[in-house]
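Worksheet: one structure, shown below.
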Amino acid sequence: MQDQDNVTRILDAFRSTDAPLLPVLQAVQAEFGFVSEAAMREIANALNLSRAEVYGVVSFYHDFRMEPPAQPVVKLCHGEACQARGLRQLLTQMTRIEQEQLEPVYCLGLCAVGPAAMSPNGGVHARLDAGSLRQLLEDPR
Amino acid sequence: MKVRLSDDALAIACGADAIARALTAGGAEVERVSSWGMHWLEPLAEIDGVGYGPLAVPDVAKLLAGELDDKCIGVIGSHPFLARQTRLTFARAGKTRSLSLEDYTATAGWEGLSLARAMSPLEVVEIVAGSGLRGRGGAGFPAGIKWRTVLEAPGDQKYIVCNADEGDSGTFADRMAMEGDPFQLLEGMAIAGHAAGASKGYVYVRSEYPHAIAKLEQAVRLCRDILAPFSVEVRAGAGSYVCGEETALLNSLEGKRGEVRAKPPLPAHAGLFGKPTIINNVLTLAAVPWILRHGADAYRDFGMGRSRGTMPIQLAGNIRHGGLFETSFGVTLGDLVNEIGGGTETGRPVRAVQVGGPLGAYFPPALFDTPFDYEAFAAAGGLIGHGGVVVFDDTVDLAEQARFALEFCAIESCGKCTPCRIGSVRGRETMEKIIAGEQTEANLELIEDLCETMTFGSLCAMGGFTPYPVLSAIRHFPEDFRRAKAHNTPNLEAPDDVPAR
Ligand SMILES: Cc1cc2nc3c(=O)[nH]c(=O)nc-3n(C[C@H](O)[C@H](O)[C@H](O)COP(=O)(O)O)c2cc1C
Ligand code: SF4
Ligand code: FES
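Sequence order for the protein chains is U and B. Going by my numbering, the first sequence opens with residue 6, and the numbers climb by one from there. Going by my numbering, the second sequence opens with residue 486, and the numbers climb by one from there.
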């Protein structure tokens, strides 16, 4: 489970920020890979919010996870411009297991050089084909 | 030898960092600059004004030996793709180091802000109003009117919020403006702050743009003293399309669920934390320093009808020459796609073009004489939105595109109103039946009804405009909805027949 001290440290870092809930959640997720029940409770207490409010926010946004991801997930753009550049054909070349490691996102701003993807650490990749996407899944840079 | 190479996310995604390493290893001095926006040529290196691209690592040795003739594009600045443009907002693109205060100041940076601060707030508002600048985020609302409303609203605390959520697929001009010329955007925000009497600004950047967030944060640190007494804070989004809608964005900035607020009150009266707030798109704010420097009339002189100035158009999808094309309003869609864009990259015929993001209409070549102008696009049953142009070749299946539009709405709906939340799900299911060939005509009628309910019953344009891609696809490409057996385009959910490894 998460280290309570670290959540406290993150909360401290945002003491002078107005409406800090989103930045706090983002920092927690960046550090732990997800936002746990315990962290939500801690954050709710510290920010004087109900747990339902914090849960409501965490569950609204696609970026937040409440459980650790099984494996690093690569974000693959499913936006229309990437569709126009062969996304569907690319997906049919991926095995089911590979598809499970791909999370759909809608546009990475690389729309003239798609299909495009982003690795968990923010690395961006364009002009993907089955070979380069597979390589990215094996070594998500 | 000095080699200039872009460090923006697109160049990096195309391998620019590896090129930079190879250049350095080969003894060259590498200077990372902003991107010219000729995306099909990235990574694009510049040596003494001459361009070479798209580069792969094995090209570097030949480049340094002066032998890379087959990838030489000549003098970059006179490339036809650039020579045809009118770059006001993107005047520095490709030419400056994005975080160099020295480069920024040397290219008339901060002049607009100095001029503005020597004027009264009302004078600044009048210049922006007189320029005819309209919001570039999609709705095209006149910026001057919005600014005047906030100036006149009572209150000690007001805010400037920059909408950098850029959720529309097929768009990247905000990203390029933030990564390539972040000081210009901050200068525009500070001018807005002076005009409205606001001392604090926020930039809300989508989390899919980590490079832009990093550049902006550094830029804010570097020019803090120049902006003062105005201050800017950069906030990241959390992966929600609807948070680009201005009131959902304000809720998100306040740390709440990104649900749309009912209007009134307008954000100009009661926006962030209930205070009068100017919320503008990146491109709207980034256009302002130029307008202050050159005057309202100079900007107004560009464009047509009620669409004044220039629009940074984004050529995307299956297009040979994709990238950023800033031009006066009035260029036709056909010229953009065929003459400037060079047709499809696959070399197959162009069949459909979606303009204005996921809520924009699909246009057939028969409508290619439509000029890029807010009113002309509306009259043709579409919208220009944030200026994204996504080209598809003749392998596209418009029934599948219509299904996707409804699915996207179902995924991204904020859930506040029924026509959008339920209508999109029903619509997707119905479209799936049409694709399967079940009672096609009856189901198409059902789609028309659903779309009417969504158009008139939705609180915001998420539900309200999803009918644009759906109905335009049905209207202009009816044959795609009536050939059940021929649908063989894999849809975006994992198909069942994927080979297991
Ligand atoms: C679903 C939805 C998504 C939107 N996304 C964006 C966006 O990503 N960026 C943006 O600037 N405006 C977006 N808008 C438009 C904003 O609501 C608003 O009109 C804009 O921020 C106003 O700034 P402007 O007048 O400078 O365009 C969106 C609207 C809707 C309904
Ligand atoms: S139309 Fe959709 S996104 Fe807009 S307020 Fe209604 S439910 Fe929310
Ligand atoms: S649509 Fe895929 S990067 Fe924009």
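Yeah, the Cβ is synthetic: ideal placement off N, Cα and C, and Gly gets one too. Note that the structure is a prediction, hence the values are computed from the model and not measured.
On the premise that residue j lies in contact with residue i, defined as a C-beta separation below 8 Å, what is that separation, rounded to the nearest angstrom?
i               : j               : result
V767 of chain B : A680 of chain B : The pair is not a contact, with the Cβ atoms about 17 Å apart (cut-off 8 Å).
K700 of chain B : L584 of chain B : 7 Å
L92 of chain U  : P120 of chain U : 5 Å
A884 of chain B : I920 of chain B : 5 Å
F758 of chain B : E739 of chain B : 6 Å
M45 of chain U  : R56 of chain U  : 6 Å
Between the Cα of residue i and the Cα atoms of the options, which residue gives the shortest distance?
i               : options                        : result
H696 of chain B : U:G128, U:R146, U:P73, U:R46   : U:G128
A505 of chain B : B:L490, B:V518, B:M604         : B:L490
L16 of chain U  : U:Q34, U:I48, U:F37, U:D23     : U:I48
A846 of chain B : B:R906, B:V515, B:H871         : B:H871
R906 of chain B : B:G826, B:E744, B:F814, B:P843 : B:E744
V542 of chain B : B:A507, B:S519, B:F566         : B:A507
I959 of chain B : B:E718, B:A723, B:R888, B:A733 : B:R888
M604 of chain B : B:L735, B:Y589, B:T634, B:R778 : B:R778
K556 of chain B : B:P627, B:E514, B:P539, B:G562 : B:P539
E730 of chain B : B:D710, B:T509, B:E897         : B:E897
T880 of chain B : U:V63, U:F39, U:G38, U:A89     : U:A89
N823 of chain B : B:G841, B:G794, B:F814, B:D854 : B:D854
L25 of chain U  : B:T762, B:G948, B:K741         : Reading off the sequence, residue 25 of chain U comes out as Pro, not Leu. Closest option to P25 of chain U, Cα to Cα, is B:K741.
C989 of chain B : B:K547, B:V688, B:G819         : Because chain B here runs from 486 to 986, residue 989 of chain B falls outside it and cannot be looked at.
G597 of chain B : B:L670, B:I558, B:I763         : B:L670
A550 of chain B : B:Q799, B:G512, B:E702, B:T574 : B:G512
D653 of chain B : U:C87, U:S41, U:A35            : U:C87
Considering only heavy atoms of ligand 3, does any lie closer than 7 Å to the CB of residue i?
i               : result
S654 of chain B : yes
A86 of chain U  : yes
G665 of chain B : no
C82 of chain U  : yes
A121 of chain U : yes
L113 of chain U : yes
Name, in chain order, the residues that DSSP records as bridge partners for residue i.
i               : result
Q642 of chain B : Q642 of chain B is not bridged to any residue.
P627 of chain B : B:R619
T795 of chain B : B:S813
N648 of chain B : B:Y689, B:N766
G788 of chain B : B:R793
H130 of chain U : U:A122
F657 of chain B : None, per the DSSP bridge assignment.
C82 of chain U  : U:V110
Could you tell me whether any non-hydrogen atom of ligand 1 is closer than 7 Å to the CB of residue i?
i               : result
F69 of chain U  : no
R633 of chain B : no
C945 of chain B : yes
G756 of chain B : no
E651 of chain B : yes
Y589 of chain B : no
N648 of chain B : yes
F889 of chain B : no
R709 of chain B : no
V719 of chain B : no
G832 of chain B : no
F566 of chain B : no
For a quick check, are the C-beta atoms of residue i and residue j less than 8 Å apart?
i               : j               : result
G835 of chain B : T829 of chain B : Here residue 835 of chain B turns out to be Val, not Gly, going by the sequence shown. Taking 8 Å as the Cβ cut-off, V835 of chain B and T829 of chain B qualify as a contacting pair.
H806 of chain B : W525 of chain B : yes
S792 of chain B : Y859 of chain B : yes
G942 of chain B : P904 of chain B : yes
G912 of chain B : L935 of chain B : yes
T812 of chain B : M789 of chain B : no
Y694 of chain B : G114 of chain U : yes
Q140 of chain U : Q106 of chain U : no
A649 of chain B : M663 of chain B : yes
L95 of chain U  : L133 of chain U : yes
Against chain D, does residue i count as a neighbour if the rule is that its beta carbon must be under 8 Å from one of theirs?
i               : result
E739 of chain B : The structure shown contains no chain D; the protein chains it does contain are U and B.
How about residue i: is its Cβ closer than 7 Å to a heavy atom in ligand 2?
i               : result
R582 of chain B : no
M523 of chain B : no
C899 of chain B : yes
C499 of chain B : no
Could you check whether the Cβ of residue i sits closer than 7 Å to any heavy atom belonging to ligand 4?
i               : result
L553 of chain B : By its list of ligands, the structure shown excludes ligand 4, since it contains just ligand 1, ligand 2 and ligand 3.
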